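Once you know that position 332 of the sequence shown is 332 in UniProt numbering, the rest is easy, because the numbers rise by one and skip nothing. Here a beta-carbon is modelled for each residue, glycine too, at the ideal position from N, C-alpha and C. Quick caveat: nothing in here was measured; it's all calculated off a predicted structure. Report on one structure; see the data block that follows.
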Amino acid sequence: MILKNETQLKILREIWLKKKTTMLEISNNLGIDRSNVSRNLKNLRSIGLVYYSDNKIKNTNRGRKTLQLQINYSFAYNIGIAVTENFFLVLLMDLNFNVIRKETIFKEVNEKTIVDDLINCIEIFSDFLEQVLFIAISFPEPVDDEKGLILSSGIFPIKDMYLKNILEERINIPVHLENDANAGAIYHYYKNNGIYRFINFMFLSFYVNRKSINAIQGNGIIINGEIYKGAHSFAGEAPVIIPIWKQNEKDYMDILKFQQYIKDEKKSHILKDYIDIYSKAASIIINFLDPEIFIFGGHTEILPDFSLESMVIKTKEKIIDNERRKIKIYIDNDGLESIAKGSTMAFMSKIMNNYNMANKVFLKLKKPAFSHL
């Protein structure tokens, strides 16, 4: 057993959330006696999960400098995978979600091959798998993360699949499934250290096939610091699909050719309806939910800057009384990388709030990837 008791998990979670903190701050914030904190920290340090930073801060009460505690982010790795209709983005990260290695695999999603495709993505990092704590995968579909079930909305070519159990039986590593828009909202919540309690993330997506290029969007909603999934995990799903381009064999464009094509501002007229419709959809959501910040994310790296700027301007024009509300509207320039990171952040949060899950996940590691001790 890695963690001896629930107090150690509470301490670990406090350090994880604060990035760096002191023994006194942990004691005050958690209401735990300092001697108890010290005793439990001894175990966390002995296994290499927590260490004292070289940086010290001045203790105003005692007039001397105090050591800061932080998590050993190199203790283990995690893998985040963003699944789209046309390709997979795969990230190998440390426990602070810093990207160690990134790969993009272009492969059209198919229900018959999705398991093998994901296994192939994971095995790219075969040299690291013994030290991988968990794998988190985001999908452009509603997801029941408790059951590990991809739900079918009728758009994505996977129907009600219990993918979590299937993958875990194959790879013997804990797996978490997340909706892509929810992952985007979660990413921005943790990126901003929970300062914003009301966030809406609109995931902009392009589905490319031999007949057409269509635009789709979904929404991740955070209310009072918690992701809102609704009664059936379908919150945020909006059936707005915009045909952008009709394909034929002669002028067929894959996702990369499409990206190059629309970079030319003279050809960007094909995005006019797209920008008009989704800016209107965004403004309706903003007026209805009244978030603190609204983020356009997802396939933003595909869209040219001028179209994204136009999307923001047109959205702001339609917000009721924004002079008073001052709702922030951002473009997530990290695109799908934020989605892959957000799905891992969602699972790390679950681990840090569940003692049995934390022990189960950490116990699989044979030894730390690297120790500061």
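So for residue i, helix, strand or coil by DSSP?
i, result
"Leu151", "coil"
"Leu67", "strand"
"Thr104", "strand"
"Val109", "coil"
"Asp159", "First, the amino acid is wrong: residue 159 is Lys here, not Asp. The answer is coil: DSSP assigns Lys159 none of H, G, I, E or B."
"Lys328", "strand"
"Asn78", "strand"
"Asn193", "coil"
"Gly184", "helix"
"Leu373", "Residue placement at Leu373 is flagged as unreliable, the pLDDT there being 40, under the threshold of 50; a coordinate-derived value is accordingly withheld."
"Gly342", "helix"
"Asp54", "strand"
"Asn98", "coil"
"Tyr207", "strand"
"Asp321", "coil"
"Asn359", "helix"
Residue range of the beta strand (DSSP E) that residue i falls in?
i, result
"Leu177", "Val175 to Asn179"
"Lys229", "Run containing Lys229: none; DSSP gives neither H nor E here."
"Glu237", "Glu237 to Lys246"
"Ile137", "Val132 to Phe139"
"Asn353", "Note, Asn353: premise wrong, no beta strand (DSSP E); not H, not E."
"Ala281", "From DSSP, Ala281 is part of no beta strand (DSSP E) but of the alpha helix (DSSP H) over Lys272 to Leu289."
"Asn214", "Ser212 to Ile223"
"Ile293", "Ile293 to Gly298"
Can you give me the Cβ contacts of residue i inside the same chain, cut-off strictly under 6 Å, excluding the 5 residues immediately before and after it?
i, result
"Asn353", "none"
"His372", "At His372 the pLDDT is 45, less than 50, meaning the model places this residue with poor confidence; the figure from the coordinates comes in the next sentence. Cβ neighbours of His372 beyond the five flanking positions: Tyr51 and Asn72."
"Glu168", "Val175"
"Phe370", "Residue placement at Phe370 is flagged as unreliable, the pLDDT there being 49, under the threshold of 50; the coordinate-derived value follows with that caveat. Here the set comprises Ser74."
Whole-angstrom Cβ separation of residue i and residue j, contact assumed at under 8 Å?
i, j, result
"Lys358", "Leu44", "Residue identity check: residue 358 is Ala in the sequence provided, not Lys. Contact flag wrong, Cβ pair sits at about 12 Å."
"Val240", "Ile277", "7 Å"
"Ala346", "Glu178", "5 Å"
"Trp245", "Ile216", "14 Å between Cβ atoms; not a contact."
"Asp332", "Thr300", "6 Å"
"Ala181", "Leu336", "With a Cβ gap of about 12 Å, Ala181 and Leu336 do not count as contacting."
"Gly80", "Thr344", "4 Å"
Using C-beta distances below 8 Å, list every residue in its chain close to residue i, excluding the 5 sequence neighbours before and after it, in chain order.
i, result
"Phe306", "Glu265 and Ser268"
"Lys20", "Ser53, Asn55, Gln68, Leu69 and Gln70"
"Met93", "Tyr77, Asn78, Ile79, Gly80, Val99, Ile100, Lys341 and Thr344"
Among residues of its own chain, excluding the 5 on either side of residue i, which ones have a beta-carbon nearer than 7 Å to its beta-carbon?
i, result
"Met311", "Ile275, Tyr278, Ser279 and Phe296"
"residue 374", "The structure shown does not extend to residue 374, since the chain is modelled only from 1 to 373, so the question has no answer here."
"Pro243", "Ser212 and Asn214"
Could you spell out the range, first to last residue, of the alpha helix (DSSP H) harbouring residue i?
i, result
"Asp305", "Asp305 to Glu317"
"Asn40", "Arg34 to Ser46"
"Ile262", "Ile255 to Lys263"
"Ser27", "Met23 to Leu30"
"Ile15", "Glu6 to Lys18"
"Leu49", "No alpha helix (DSSP H) contains Leu49, which DSSP labels as neither H nor E."
"Ile302", "Counting along the chain, Ile302 falls outside any alpha helix (DSSP H), and DSSP gives it neither H nor E."
"Glu146", "Unbroken run through Glu146: none, as it is neither H nor E."
"Ile114", "Ile114 to Glu123"
Check: Counting Cβ pairs, one atom from each stretch, are 3 or more of them under 8 Å apart for the stretch 106-120 and the stretch 78-98?
Finding: yes
Item checked: Inter-stretch contact at 8 Å, needing at least 3 Cβ pairs: the stretch 189-203 / the stretch 109-118 -> no
Checklist line | Touching by the beta-carbon criterion (3+ pairs, under 8 Å), the stretch 180-200 and the stretch 246-260 | finding: no
Check: Is there contact here, the stretch 131-139 with the stretch 216-233, by at least three beta-carbon pairs under 8 Å?
Finding: no
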